[in-house]
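Participant: Here the sequence shown stands for residues 8 to 563, where the numbers follow our numbering.
Using N, Cα and C, we set each Cβ at its ideal position, and we do this for glycine too.
Here you go, one structure.
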Amino acid sequence: VGSEDVYKRQIYDRDGNALAKDETMYVVGVVPGKITNPAQVVSVLSANLDLTPAQVSASYAGAPASQFTAIRTIPPMLYNTISGALNGVAGVQTQTTTGRVYPYGQDMAPVTGYIGQVSPDDLKNDKSHYYASGDVIGRAGIEAWGEQYLRPGKGGTLVIAATNADGSIGQTIYTLASRAASNGADIHTTIALADQQAAMASLRQQLGHSGGTVAVDPTTGETLVLASIPTYDPNDFSLGFTPNEQDRLNAENHPFVNRAYATADPIGSTFKLVTLSAGLQHGVTPSQIFTCTGTFQIPGSSQIFHDDSASGHGVQTAPSAIAPSCDVVFWTIAVYLNGKDPNLLPTVAKGFGYGAPTGMIGLPDGAENPGLVPDPQWLQQHENAQWTAIDAANLGIGQGFFQATPAQVAMATAAIANGGVRMQARLVSSVTAASGATVITFAAKQIGTLPLSADNLSVLQVAMLGPIYASNGTTAPEFKNYPITVAGKTGTAESGQPAPHGWFTAYAPASKLSGPTLKPQIAIGTLVEYSAFGERFAVPVSKAILDSFFHLPPTD
């Protein structure tokens, strides 16, 4: 039998802040016979425990007068806030217990996940025979990925014993084996607490739109931010939901879907970074002139494509067309590439990591949405249709069947920032035993390189300064006078609904056209679903992360 003194261990951020831990919790209840002012008890408890007066009254109605009756179990964070209001109320008492606590609640839910009691299916599929009815198990996030490390080792003794006359187990005759119970291990994540909280706060301010954002260190692959809204409070799963909490959760838009890595959507003009790269690698020169009149017609087709700018963007090169996000230029490039080989652009996109999970260490198996890079073979197999130049044009601006996650966008941009080197995404850096000994370490690891020459990569990096600093840049007003040099790209993607998806990707600090070469420290991919232009909704979220990361005062 396991000892009550062993627990699941802690999940930490990069600076040693505990994100999940087994800790003392507080059971708030009443002893009915000691209540002298029932109205006060109901008023105080309903005001502080997220219960209606009727729910409080019903919770101890008919309970024995001298018996402590639990009303709600709360984490220490809430207890510290409300204990003053509870003290001195006759009949209200508090007891303690131990359970899983998440000090940062919703802010870290996309990272930690939550726990739940084992189900009959869990017991059936438990090949290790570890779990018993009533045990808890990680259900999402690090709690699920790290369950094998976090859970304690159960102790016990195997004996030969006499059987009493009544059939009960009697005196031990011989001890065959014994094993002491042991604590689980600690998991150390790469998450930066302040940056994560800044991202979650900004996502909540986007007028109720759902969204997700991922920020990484381009040179190491460490995940600094993994944020998703709406979400849940993992404390509710370990403590139990109040009816009001359950109602609020049920009213949310799929709060268990982690939009940082499990939701894949069209990324719109953010994809033009790939189209530019493919063009530069396969025949488009940086100085080649294109003319945008506002419309584009594929040779041999009657369909006319309309740019967001009805009058067009005039004369542009492919790199300069990134700044105003000229659709006509990138439709033209995509159709040109398609004429050379319909698989050219899809293959380059896959070389940026699209169409496959990032493989982020710390995410449960199967949790990542792989997204989709359509190509002629896929279209034939899944849509029973022939690939045409129209499909290529749609792909060239990140539309059509193409889908990606914020995690994929962040990692693609990180590779651009990191000299074309693609790093393994990591949410976990190490696991350590309770003794402090290292169980396993996940070191920085290169997983590939972008399909882009060094010269063309430099052209791409300079082009990414355009949206922020060119006079016609799509997000120039939002970054006016920003103290850190940023390279980025906005995206606005048709969603199948009236409101499009807003995207923004960026890295910083970026090297200017002149001056010293700077080492990028952060790359970001942000999605705000069914919102508006990327600069309106996704840029503010990304800026909030940059402000926090570089310790800047909040900017508008």
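1) Comparing C-alpha positions only, which one of ARG211, GLY191, ALA392, SER276 sits nearest to GLY641?
2) Counting only the same chain and skipping the five closest in sequence on each side, list residues whose C-beta sits under 6 Å from that of GLU11.
3) Give me the residue from ILE404, VAL223, ASN391, ASP254 with the minimum Cα distance to HIS313.
4) For GLY106, which beta-bridge partners are listed by DSSP?
5) Just the C-alpha distance for LEU559 and ALA513, rounded to the nearest angstrom, thanks.
6) For GLN387, does the three-state DSSP call read helix, strand or coil?
7) Taking 8 Å as the threshold, find out whether the region 404-420 comes into contact with the region 210-221 through three or more Cβ pairs.
8) I'd like to confirm the pairing. Which residues does DSSP put opposite SER53 in its beta bridges?
9) Could you tell me how far apart the beta carbons of ILE167 and VAL143 are, in whole angstroms, since I believe they sit closer than 8 Å?
10) Alpha carbon to alpha carbon, how far is PRO250 from GLY301? Give it in angstroms, no decimals.
11) For TRP338, which three-state DSSP category applies?
12) Here's a check: name, in chain order, each residue in its chain whose Cβ is nearer than 7 Å to the Cβ of SER217, leaving out the five neighbours to either side.
13) Output the distance between the C-alpha atoms of PRO39 and THR59, rounded to the nearest integer angstrom.
14) Quick check: the Cα distance between GLY286 and LEU370, rounded to an integer number of angstroms?
15) Assuming contact is defined by CB atoms lying nearer than 8 Å, are VAL37 and THR76 in contact in what I supplied?
16) Closer than 6 Å by C-beta to GLY9: which residues in its own chain qualify, once you throw out the five before and the five after it? Chain order, please.
17) Could you have a look at PHE7 and say whether DSSP puts it in helix, strand or coil?
18) With a threshold of 8 Å on Cβ separation, who are the neighbours of ALA579 within its own chain once the five nearest residues in sequence on each side are excluded?
19) Starting from GLY145, follow the beta strand (DSSP E) in both directions and report where the run begins and ends.
20) According to DSSP, which residues form a beta bridge with VAL223?
21) Would you mind reading off the limits of the alpha helix (DSSP H) that contains MET84?
22) Within 10 angstroms of its Cβ, does PRO127 collect 16 or more other Cβ (buried), or is it exposed?
23) Run through the region 477-522 for me and flag every whole alpha helix (DSSP H) of 4 or more residues, listed as ranges in chain order.
24) Note down, in chain order, each residue of its chain lying with its Cβ closer than 6 Å to the Cβ of LEU525, except the 5 sequence neighbours on either side.
25) What separation, rounded to the nearest whole angstrom, lies between the Cα atoms of GLY174 and GLY106?
26) In this structure, does DSSP put VAL281 in helix, strand or coil?
27) At 4 residues or longer, what runs of the alpha helix (DSSP H) sit wholly inside the region 160-231?
28) Among the candidates ILE475, ALA545, HIS320, whose CA atom is the shortest distance from the CA of ALA490?
29) Any idea what DSSP makes of VAL8, helix, strand or coil?
30) In the DSSP assignment, the alpha helix (DSSP H) including GLY148 goes from what residue to what residue?
31) At a cut of 8 Å, does the region 149-159 reach the region 359-379 through at least three beta carbon pairs?
32) Measure the beta-carbon distance from THR497 to SER276 and round it to whole angstroms, keeping in mind my assumption that it falls under 8 Å.
Facilitator: Working from what's here:
1) The requested residue 641 is not part of the displayed model; the chain covers only 8 to 563.
2) For the purposes of this step, residue 11 is identified with residue 4 of the sequence shown, where counting begins at 1. Confidence is the limiting factor: at GLU11 the pLDDT is only 43, short of 50, which leaves the residue's position unreliable, though a coordinate-based value still follows. Correct list: empty, nothing qualifies.
3) Taking the first residue of the sequence shown as 1, we reach residue 313 at position 306. Answer by Cα proximity: ILE404.
4) Translated into positions along the sequence shown, residue 106 becomes position 99. Paired residues: GLU30.
5) The residue you call residue 559 lines up with position 552 of the sequence shown. The residue you call residue 513 lines up with position 506 of the sequence shown. LEU559 and ALA513: Cα-Cα distance of roughly 17 Å.
6) On the sequence shown, position 380 is the one that residue 387 refers to. Three-state result, GLN387: helix.
7) yes
8) Counting from one through the sequence shown, the residue named residue 53 turns up at place 46. Looking at the DSSP assignment, SER53 forms no beta bridge with any residue, so it has no partner.
9) Along the sequence shown, read from residue 1 onward, the residue named residue 167 stands at position 160. Along the sequence shown, read from residue 1 onward, the residue named residue 143 stands at position 136. About 32 Å separates the two Cβ atoms, so there is no contact after all.
10) Numbered from its first residue, the sequence shown carries residue 301 at position 294. Numbered from its first residue, the sequence shown carries residue 250 at position 243. Cα-Cα distance, rounded: 55 Å.
11) The residue given as residue 338 occupies position 331 in the sequence shown. Residue state, collapsed to three classes: helix.
12) The residue labelled residue 217 in the question sits at position 210 within the sequence shown. Result list for SER217: ILE236, PRO237, ASN260, ARG266, GLU536, in chain order.
13) Indexing the sequence shown from 1 puts residue 39 at position 32. Indexing the sequence shown from 1 puts residue 59 at position 52. When rounded, the distance between both Cα atoms is 18 Å.
14) Position 279 of the sequence shown, counted from the first residue, corresponds to residue 286. Position 363 of the sequence shown, counted from the first residue, corresponds to residue 370. Annotation: GLY286 to LEU370 spans about 34 Å, alpha carbon to alpha carbon.
15) Residue numbering aside, residue 37 sits at position 30 when the sequence shown is read from its first letter. Residue numbering aside, residue 76 sits at position 69 when the sequence shown is read from its first letter. For VAL37 and THR76, yes; Cβs fall inside 8 Å.
16) For the purposes of this step, residue 9 is taken as the residue at position 2 of the sequence shown. Confidence is the limiting factor: at GLY9 the pLDDT is only 35, short of 50, which leaves the residue's position unreliable, though a coordinate-based value still follows. For GLY9, where only same-chain residues beyond five positions count, the Cβ hits under 6 Å are LYS161, GLY162, ALA188.
17) With the chain covering only 8 through 563, there is no way to say anything about residue 7.
18) Only positions 8 to 563 of the chain appear in the structure, and residue 579 is not among them; the question remains open.
19) By one-based count along the sequence shown, residue 145 stands at place 138. 143-145 is the span of the beta strand (DSSP E), which, as asked, contains GLY145.
20) In the sequence shown, the residue the question calls residue 223 occupies position 216. Beta-bridge pairing links VAL223 to THR230, ALA530.
21) Along the sequence shown, one-based indexing puts residue 84 at 77. 83-93 is the span of the alpha helix (DSSP H), which, as asked, contains MET84.
22) Position 120 of the sequence shown, counting from 1, holds the residue named residue 127. Burial call: exposed.
23) none
24) Position 518 of the sequence shown, counted from the first residue, corresponds to residue 525. PRO516, SER518.
25) The sequence position of residue 174 within the sequence shown is 167, counting from 1. The sequence position of residue 106 within the sequence shown is 99, counting from 1. Straight across, the Cα-Cα distance linking GLY174 with GLY106 is about 36 Å.
26) Taking the first residue of the sequence shown as 1, we reach residue 281 at position 274. Residue state, collapsed to three classes: helix.
27) 200-211
28) Locating residue 490 in the sequence shown gives position 483, where the first residue counts as 1. Checking the sequence, you will find Pro at residue 490 rather than Ala. Nearest C-alpha to PRO490: ILE475.
29) Taking the sequence shown and counting its residues from 1, the one referred to as residue 8 is at position 1. Legend: pLDDT at VAL8 = 32, less than 50; position of this residue unreliable, no value from coordinates given.
30) Here residue 148 refers to the residue found at position 141 of the sequence shown. Run containing GLY148: 148-152, per the alpha helix (DSSP H) assignment.
31) yes
32) Taking the sequence shown and counting its residues from 1, one reaches residue 497 at position 490. Taking the sequence shown and counting its residues from 1, one reaches residue 276 at position 269. Right, the Cβ-Cβ distance comes to about 6 Å (below 8 Å), so this counts as a contact.
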